[in-house]
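So the number in my numbering is just where the residue sits in the sequence shown, counting from 1, plus 253. Ideal placement from N, C-alpha and C gives every residue a C-beta, glycine not left out. Note that the structure is predicted; figures quoted are calculated from it, not measured. What follows is one structure encoded as structure tokens, with my remarks underneath.
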Amino acid sequence: MEPLFVNKEKIAMLLPMKECIEVMEKMFRSLAAGECLQPLRNIMKLPGNSGLLGMMPGHADKLGVMGIKVISVFHANKEAGFPSHQGIVMLFDAKNGQPLMLFDALEITAIRTAAASAVATKLLSRENSPILAIIGSGEQAKRHIEAMLLVRNIKKINLWSRNEKNAKHLVNELSDEYNLPIHINKNVEQAVEHADIICTVTASKEPVVMGDWIATGTHINAVGSSTASSRELDTTAIVRSKLFTDRYESLFNEGGDFLIPKKEGAVTDEHVKAEIGEVLSGTKKGRENNEEITVFKSLGIAAEDIFSAYHIYQKIKL
Numbered sequence: 254m255e256p257l258f259v260n261k262e263k264i265a266m267l268l269p270m271k272e273c274i275e276v277m278e279k280m281f282r283s284l285a286a287g288e289c290l291q292p293l294r295n296i297m298k299l300p301g302n303s304g305l306l307g308m309m310p311g312h313a314d315k316l317g318v319m320g321i322k323v324i325s326v327f328h329a330n331k332e333a334g335f336p337s338h339q340g341i342v343m344l345f346d347a348k349n350g351q352p353l354m355l356f357d358a359l360e361i362t363a364i365r366t367a368a369a370s371a372v373a374t375k376l377l378s379r380e381n382s383p384i385l386a387i388i389g390s391g392e393q394a395k396r397h398i399e400a401m402l403l404v405r406n407i408k409k410i411n412l413w414s415r416n417e418k419n420a421k422h423l424v425n426e427l428s429d430e431y432n433l434p435i436h437i438n439k440n441v442e443q444a445v446e447h448a449d450i451i452c453t454v455t456a457s458k459e460p461v462v463m464g465d466w467i468a469t470g471t472h473i474n475a476v477g478s479s480t481a482s483s484r485e486l487d488t489t490a491i492v493r494s495k496l497f498t499d500r501y502e503s504l505f506n507e508g509g510d511f512l513i514p515k516k517e518g519a520v521t522d523e524h525v526k527a528e529i530g531e532v533l534s535g536t537k538k539g540r541e542n543n544e545e546i547t548v549f550k551s552l553g554i555a556a557e558d559i560f561s562a563y564h565i566y567q568k569i570k571l
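Listed below in structure tokens is the structure:
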């Protein structure tokens, strides 16, 4: 029997954000308990820098499954009217290697990335955090707003984007959905200076948020960068913060937000306080007072895709 392909519409229906947050909590706990095999992602760049193929494999022992996400990135596609990112998640039975199901990778990634940030926000932000700043205006900006509203009582959203047209479109779309003020700010400093929670969801290779702009007590989800040479936060922001991550090995190999300050000599490996799963399981401390600045550096890992895919698979199988 050929494995079923689950499209984005069905994924959106079977993996609502609230459920995915719960799935990500289970995933982080399992990862911290050593129950997941999680190699680093492998990226194959094509000749002439025309595109790349990214591969993220993993194994979830407790679920009895393994899987891989394969993503192609061709930025020139936008001019031809095609998506720049395309891909699939493949789920296999870990006992016999049988392919179980295929999934649209972009929809799973969009939901699980924001859900992982929501888990970190629930753990690390102050309970009273009414002002949310979103830096960026793409798919992850929209998803992070949805996710943050599920874990904190947000009263106001500040938004900044290099693409003003995208920002206005996002505000118009969200204004119909959420009954709260959403402001487009003229610059990043204005957007973040009074924020309780900041989500950076950009494609920037250089810092967009400076540490001197961040108020004490703020929590930051740094999501956009996943390479050693790119970052969204400057060195001061990292130095001022307690730093947490999804997975140590990913951070120490792919997390430019940490690796660049480390290379400058501003921080050492000891600056990284914990994986989110360790905070969830109580083996490491999270926020300890209302004055601390906390940063969750999200790299995105295959375990997030596998646990999400398995959740959908179980629903369809039933």
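Where does residue i land, buried or exposed, given buried means 16+ other C-beta within 10 angstroms?
i	result
K516	exposed
Q351	exposed
S561	buried
L411	Looking at the sequence shown, residue 411 is not Leu but Asn. When all chains shown are included, N411 counts as buried.
F335	exposed
D429	exposed
H312	buried
G301	exposed
E426	exposed
H397	buried
Q567	exposed
T374	buried
P269	exposed
M266	exposed
I264	buried
L299	exposed
T471	buried
I569	exposed
K526	buried
H564	buried
S303	exposed
Please name the residue, chosen from the options, that lies closest to residue i on a Cα-to-Cα basis.
i	options	result
S382	A369, G389 and V404	V404
I554	M277, L353, V548 and P269	M277
E380	E430, D449 and A363	D449
A468	A490, V476, E459 and S483	A490
R500	H472, N440 and F549	F549
I384	M343, E557 and L402	L402
G464	V454, E485 and K458	E485
V520	L496, K279, V462 and A556	L496
R365	K570, I569 and I559	I559
N440	V525, N416 and A475	N416
F511	H447, A475, K421 and N330	A475
Q443	T455, S457 and V461	V461
N543	L376, I407 and E557	L376
F327	A333, H338 and I321	H338
G477	H447, T455 and E459	T455
I260	R540, D357, I473 and I361	According to the sequence provided, residue 260 is Asn. The question's Ile does not apply to it. Closest option to N260, Cα to Cα, is D357.
Locate the beta strand (DSSP E) running through residue i, then write down its first and last residues.
i	result
V492	No beta strand (DSSP E) holds V492; the alpha helix (DSSP H) holding it covers T488 to R493.
L403	No beta strand (DSSP E) contains L403, which is instead part of the alpha helix (DSSP H) from E392 to V404.
N432	It is not in any beta strand (DSSP E) - N432 carries neither H nor E in the DSSP assignment.
I384	I384 to I388
A475	H472 to A475
On the DSSP letters alone, give me the boundaries of the alpha helix (DSSP H) that residue i sits inside.
i	result
Q443	V441 to V445
A555	A555 to K570
N416	Premise fails: N416 is in no alpha helix (DSSP H) and is neither H nor E.
A519	No alpha helix (DSSP H) contains A519, which DSSP labels as neither H nor E.
K538	Element bounds for K538: n/a, residue is neither H nor E.
K331	N330 to A333
Do residue j and residue i come within 7 Å of each other at the CB atom, strictly closer than that value?
i	j	result
A347	G317	yes
S390	N419	yes
M354	P256	yes
S283	L306	no
V424	I435	yes
A400	A363	no
S494	I529	no
G509	S482	yes
V323	I296	no
T453	I388	yes
N506	L359	no
N371	I274	The residue you asked about is not Asn; residue 371 is Ala in the sequence shown. Their beta carbons are under 7 Å apart, which means A371 touches I274 by this criterion.
W413	N432	no
L552	S503	yes
E531	K537	yes
A386	I451	yes
M343	I321	yes
K315	E288	yes
Looking only at DSSP bridge pairs, what is residue i linked to?
i	result
F356	V259 and V342
T498	E528 and K550
G307	I296 and I324
K409	I384
R454	Arg is not the amino acid found at residue 454; the sequence shown has Val there. Its beta-bridge partners do not exist; DSSP assigns none.
A313	C289 and V318
V372	Answer is none; V372 lacks a bridge partner.
V462	L486
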